[in-house]
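Residues 1 to 115 in the working numbering are what the sequence shown lists, from first letter to last.
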Amino acid sequence: LPNNPNMVIVDTKIVAGAPARLLAAGIGDALATWFEARACSRSGATTMAGGKCTQAALALAELCYNTLLEEGEKAMLAAEQHVVTPALERVIEANTYLSGVGFESGGLAAAHAVH
């Protein structure tokens, strides 16, 4: 696409109703964000947006990682039961917003090349 979307709307009830393995895949993908952004920052690599990694991007990428570690297991239990819980909503936010902004403004590295 020539432009990023103007907004992303996620219906957490739909996510909760989907197979839990899809949430697990999103968690696995989003976990890489922190390590990639940190590596890109340290190496001075260019981001997907064409600039350099910002402190804000690093902070969001780290928040993504910490959220997934703190809430991931509870979110997976909720997804397996197809219920919306605060943990599931926080993980959905981490998988979409925090990971998305973290990679867009932080950069991609080896993790996305191998998974």
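Ideal Cβ placement from N, Cα and C applies to all residues, glycine included.
Beta-carbon proximity list for residue i, same chain, < 7 Å, skipping 5 on both sides
{"i": "residue 76", "result": "20, 23 and 24"}
{"i": "residue 44", "result": "52"}
{"i": "residue 92", "result": "10, 12 and 15"}
{"i": "residue 26", "result": "95"}
Reduced DSSP category for residue i - H, G, I as helix; E, B as strand; rest coil
{"i": "residue 46", "result": "strand"}
Rounded Cβ spacing between residue i and residue j (contact assumed at less than 8 Å)
{"i": "residue 65", "j": "residue 33", "result": "7 Å"}
{"i": "residue 94", "j": "residue 88", "result": "Incorrect: roughly 11 Å between the Cβ atoms, too far for contact."}
{"i": "residue 37", "j": "residue 83", "result": "32 Å between Cβ atoms; not a contact."}
{"i": "residue 104", "j": "residue 49", "result": "6 Å"}
8 Å Cβ shell around residue i - same chain, five flanking residues per side excluded
{"i": "residue 98", "result": "30, 33, 60, 61, 63, 64 and 67"}
Beta-carbon proximity list for residue i, same chain, < 6 Å, skipping 5 on both sides
{"i": "residue 74", "result": "87"}
{"i": "residue 90", "result": "67 and 71"}
Option nearest residue i by Cα separation, candidates the options
{"i": "residue 18", "options": "46, 81, 27 and 6", "result": "81"}
{"i": "residue 58", "options": "69, 1 and 35", "result": "35"}
{"i": "residue 102", "options": "8, 54 and 4", "result": "54"}
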